[in-house]
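The block underneath contains the structure these notes are about, expressed in structure tokens.
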Amino acid sequence: MEQLNYLIASYQEYTQNNDADKAKSEADLAMLTQSLNETVTNLANIAQRWNFLDNYFKVGEEGLIFADKNGTAAAKMSKDRFSIFSAGAEVMYISQGTLYIQNGIFSTSVQIGKYRVQQYYANPDINICIKVG
Numbered sequence: 001m002e003q004l005n006y007l008i009a010s011y012q013e014y015t016q017n018n019d020a021d022k023a024k025s026e027a028d029l030a031m032l033t034q035s036l037n038e039t040v041t042n043l044a045n046i047a048q049r050w051n052f053l054d055n056y057f058k059v060g061e062e063g064l065i066f067a068d069k070n071g072t073a074a075a076k077m078s079k080d081r082f083s084i085f086s087a088g089a090e091v092m093y094i095s096q097g098t099l100y101i102q103n104g105i106f107s108t109s110v111q112i113g114k115y116r117v118q119q120y121y122a123n124p125d126i127n128i129c130i131k132v133g
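Numbering (full-length UniProt numbering), first residue to last: 1 to 133.
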């Protein structure tokens, strides 16, 4: 029974933290969207790029890119897609409410619908599946 109570408590803590983080992120987006712009630059069909030591940031009509200069990693946000690239190949994207990951490692847990798969806290060599909803 103690183990079950531990699992329930850890899931409830995870859910509360996730809900709080989501609410803060949504509030930050709304605040930034509604804030007044100090300057506005209309780029039309050109792009603007900021170079740093090892990476760069580029904005244009096709979207926003932040990447390292050697081409090993990049992220691109466009009108309908957020993508992550590794060595020039798209390995993850979010589009139309779907998250696609080519390969992934979830180090602690993953929840799909009402079921959560995670390491058993008493033995990390065992995974358990819990109905949480």
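Where a beta carbon is used, it is the ideal one built from N, C-alpha and C, also for glycine.
- Here I101 is exposed. Its C-beta has fewer than 16 other C-beta atoms within 10 Å.
- If you ignore the 5 residues before and after A47, its C-beta comes within less than 7 Å of the C-beta of K58, V59, G60, all in its own chain and listed in chain order.
- Nearest neighbour of T98 by Cα position, chosen from S86, G88, F82, turns out to be F82.
- Counting along the chain, no alpha helix (DSSP H) covers L43, and no H or E run does either.
- As computed with DSSP, T72 is found in no beta bridge at all.
- The three-state reading of DSSP puts D54 in coil, since its state is none of H, G, I, E or B.
- With contacts defined as CB atoms closer than 9 Å, I130 and Y56 fail to qualify as a contacting pair.
- Taking the Cα of N70 as reference, the smallest distance to any Cα among D80, F52, A20 is reached at F52.
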